[in-house]
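These notes concern the structure reproduced below.
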Amino acid sequence: MCLPRHMISPSRRSSKPNVPHGNAMRYVAFPFFIPVHIPQHLVYCKVERKVTDMELLDRIRGSLLGGAAGDALGYAVEFITADMIRDIYGPAGIRHYALCEGKALFSDDTQMTLFTAEGIVMGWNRAVAGGMAADMEVYVHDAYMNWLATQGYRKEGMWRQFSYLMQCPELFHQRAPGGTCLGALLSGRMGTLRDPGNNSKGCGGVMRVAPVGFVGAFGRRYDDAPQDAALWQAAKIAAITHGHPMGYMSAAMLAEMIRLIVLENGMPLEEIALAALEKTERLLGADEAPAGMTLHGLVRKAIALSHEGMDDLMAIRSLGEGWVGEEALAIALYCALKHQDDFSACIRAAVNHDGDSDSTGAIAGNLLGAWLGAEGIAEEWLAPLEGREIIETMARQLHEVAKEQGL
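If you're matching positions, the sequence shown starts at 0 in numbering that gives the first Met the number 0 and goes up one per residue.
Here is the structure:
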């Protein structure tokens with residue numbers, strides 16, 4: 000049964016899919032090619048991982064599918080309070096998907112995460128084909144312009160016909176797209192760390208960067224410190240639309256946590272979070288916000304709360320509502336730490352609160368999905384997912400980049 004209309008704001012109601020016609024629709028995916036001899040400057044950060052290639056694929060699938068699952072669970076309740084959620088779904092809140100014609104619909108969070116992944120793949124293909132490439136954020140920005148077209152905004156030159164995702168009608172729906180993301184992309188200006196386009200610290204930066212944690216970057220820019228590439232690239236990609244330090248530092252920390260999950264297989268998740276926080280603050284600088292409200296303060300608080308027996312809703316309320324980057328990451332981290340062996344409990348906790356339920360659910364799913372792998376996610380969360388094959392396809396393509404490039 001689809002959501003009642005009173006539960007859906009006008010901005011999130013799906014419009015009629017607007018998909019390309021003619022020959023373009025017969026084009027399934029741009030060919031993924033990796034030559035036998037990768038140019039040396041593209042393997043600068045090849046490292047000894049503690050996971051096999053198959054385990055790496057499982058973690059990538061887990062992160063993308065897990066993020067979509069958390070997003071889809073939270074999408075039904077994004078704009079209502081915890082009390083309203085309990086009134087509608089019972090004392091335990093929402094525990095299963097609110098299906099629409101048998102499918103669990105995901106929001107703009109998963110849409111943009113998929114386009115982040117495709118931007119990475121497009122850039123890698125360009126690098127392999129031509130022996131050189133622009134920085135990753137340039138290709139991801141191109142991919143975001145494609146996403147903008149799926150939301151009904153068309154401009155000359157926005158279409159890239161070799162995009163696999165642009166051939167997927169499931170993505171041509173408005174699912175509560177963030178106003179900051181739309182405004183930044185429509186401005187015609189690509190925000191950067193040095194020249195931000197705005198001062199927004201909304202969670203729209205962090206909710207889409209999980210794929211960066213698996214791949215790092217292209218070219219020689221990070222030759223001296225390849226271990227820092229994922230963090231920097233995630234910050235730059237978030238800064239395309241979100242210029243406040245908390246908007247891109249939270250994204251950087253998420254990508255670094257995912258990198259460490261893969262690189263340091265067996266390292267406790269709490270230690271991973273602390274290491275990622277330390278590096279994020281060291282490389283990007285600590286925020287000057289009041290004590291307790293910085294990324295540092297909220298992450299430390301989330302870790303401490305995960306050891307207490309406090310009710311999840313009360314703990315999450317003490318961290319915020321998740322509309323801004325540092326709060327969304329802290330809520331997701333709390334849920335992942337508290338329920339690190341139980342994916343279902345994690346995403347249920349991450350969405351049953353007063354705030355941005357789909358984004359906190361998506362980030363928690365990205366993080367714990369990478370930690371547990373797809374094998375650790377129950378089929379009840381995967382089988383009904385809208386566009387599951389699209390997500391699986393992007394996971395496989397991202398894996399091809401990750402296994403060749405290293406972290």
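The beta-carbon is built from N, C-alpha and C at its ideal position, and this holds for glycine as well.
Looking at C-alpha atoms only, which residue of the options is the closest neighbour of residue i?
{"i": "Leu-336", "options": "Ile-315, Asp-353, Val-323", "result": "Ile-315"}
{"i": "Val-50", "options": "Ala-369, Pro-383, Ala-344, Ile-390", "result": "Ala-369"}
{"i": "Gly-66", "options": "Pro-244, Ser-106, Gly-354", "result": "Ser-106"}
{"i": "Ala-116", "options": "Asp-86, Arg-85, Leu-164", "result": "Leu-164"}
{"i": "Ala-377", "options": "Cys-167, Asp-134, His-95", "result": "His-95"}
{"i": "Trp-380", "options": "Val-298, Leu-55, Ser-343, Val-214", "result": "Ser-343"}
{"i": "Ser-186", "options": "His-140, Ala-228, Ala-224", "result": "His-140"}
{"i": "Glu-479", "options": "Pro-225, Leu-294, Val-214", "result": "Outside the shown range of the chain, which is 0 to 406, sits residue 479, and nothing can be said about it."}
{"i": "Leu-366", "options": "Phe-78, Ser-249, Lys-102", "result": "Ser-249"}
{"i": "Arg-281", "options": "Phe-78, Arg-188, Asp-227, Ala-132", "result": "Asp-227"}
{"i": "Phe-78", "options": "Trp-322, Asp-341, Ala-224", "result": "Trp-322"}
So, using beta-carbon positions, are residue i and residue j closer together than 9 Å?
{"i": "Val-208", "j": "Val-400", "result": "no"}
{"i": "Lys-300", "j": "Leu-318", "result": "yes"}
{"i": "Gly-242", "j": "Pro-195", "result": "yes"}
{"i": "Ala-363", "j": "Ala-348", "result": "yes"}
{"i": "Ala-71", "j": "Leu-312", "result": "no"}
{"i": "Ala-112", "j": "Pro-210", "result": "Ala is not the amino acid found at residue 112; the sequence shown has Thr there. Contact flag set, yes."}
{"i": "Met-266", "j": "Ile-260", "result": "yes"}
{"i": "Glu-270", "j": "Leu-230", "result": "no"}
{"i": "Leu-104", "j": "Tyr-74", "result": "yes"}
{"i": "Leu-192", "j": "Ala-234", "result": "yes"}
{"i": "Leu-63", "j": "Ile-390", "result": "yes"}
{"i": "Gly-308", "j": "Tyr-247", "result": "no"}
{"i": "Met-245", "j": "Ser-358", "result": "no"}
{"i": "Leu-384", "j": "Ala-97", "result": "no"}
{"i": "Gln-404", "j": "Trp-146", "result": "no"}
{"i": "Phe-114", "j": "Ala-142", "result": "yes"}
{"i": "Ile-236", "j": "Glu-136", "result": "yes"}
{"i": "Cys-167", "j": "Gly-386", "result": "yes"}
{"i": "Leu-328", "j": "Ile-302", "result": "no"}
{"i": "Glu-388", "j": "Asp-355", "result": "no"}
{"i": "Val-127", "j": "Leu-397", "result": "no"}
What does a CB cutoff of less than 8 Å around residue i pick up in its chain, not counting 5 residues either side in sequence?
{"i": "Thr-179", "result": "Asn-197, Ser-199, Gly-201, Gly-203, Thr-240, His-241"}
{"i": "Arg-188", "result": "Gly-196"}
Excluding the five sequence neighbours on either side, which residues of its own chain have a C-beta within less than 6 Å of the C-beta of residue i, listed in chain order?
{"i": "Leu-304", "result": "Ala-314, Tyr-333"}
{"i": "Arg-60", "result": "Ala-373, Ala-394"}
{"i": "Thr-149", "result": "Leu-170, Phe-171"}
{"i": "Tyr-88", "result": "none"}
{"i": "Gly-92", "result": "Ile-84, Arg-85, Asn-351"}
{"i": "Gly-118", "result": "Tyr-138, Val-139, Ala-142"}
{"i": "Gly-330", "result": "Here residue 330 is Ile; the residue named in the question, Gly, does not match the sequence. So the list reads Ile-315, Leu-318, Gly-321, Thr-359, once near-sequence residues are dropped."}
{"i": "Thr-279", "result": "Met-248, Ala-251, Met-252"}
{"i": "Phe-32", "result": "With a pLDDT of 42 at Phe-32, under the threshold of 50, the modelled position of this residue cannot be trusted; read the value that follows with caution. Hits under 6 Å: none found."}
Report, in whole angstroms, the separation of the C-beta atoms of residue i and residue j, which I expect to be a contact under 8 Å.
{"i": "Leu-268", "j": "Gln-339", "result": "5 Å"}
{"i": "Ala-238", "j": "Gly-190", "result": "5 Å"}
Near residue i, which residues of its chain fall below 7 Å by C-beta distance, leaving aside the five closest residues on each side in sequence?
{"i": "Lys-402", "result": "Asp-52, Leu-55"}
Practice problem: Go through the region 367-391 residue by residue and report every complete run of the alpha helix (DSSP H) that reaches 4 residues or more, in order. | Solution: If we require 4 residues or more, the alpha helix (DSSP H) runs fully inside the region 367-391 come out as 378-381.
Quiz item: Could you give the uninterrupted runs of the alpha helix (DSSP H) lying entirely in the region 223-272, keeping only those of 4 residues or more?
Solution: Qualifying alpha helix (DSSP H) stretches, in chain order: 228-238, 244-262.
Practice problem: Identify every run of the beta strand (DSSP E) within the region 281-356, keeping only runs that are complete inside it and at least 3 residues long; order them along the chain. | Solution: None, since the region 281-356 contains no complete beta strand (DSSP E) of that length.
Exercise. Only counting runs of 4 or more residues, tell me where the alpha helix (DSSP H) segments fall wholly within the region 51-79, in order along the chain.
Key: Here the runs fully enclosed are 52-74.
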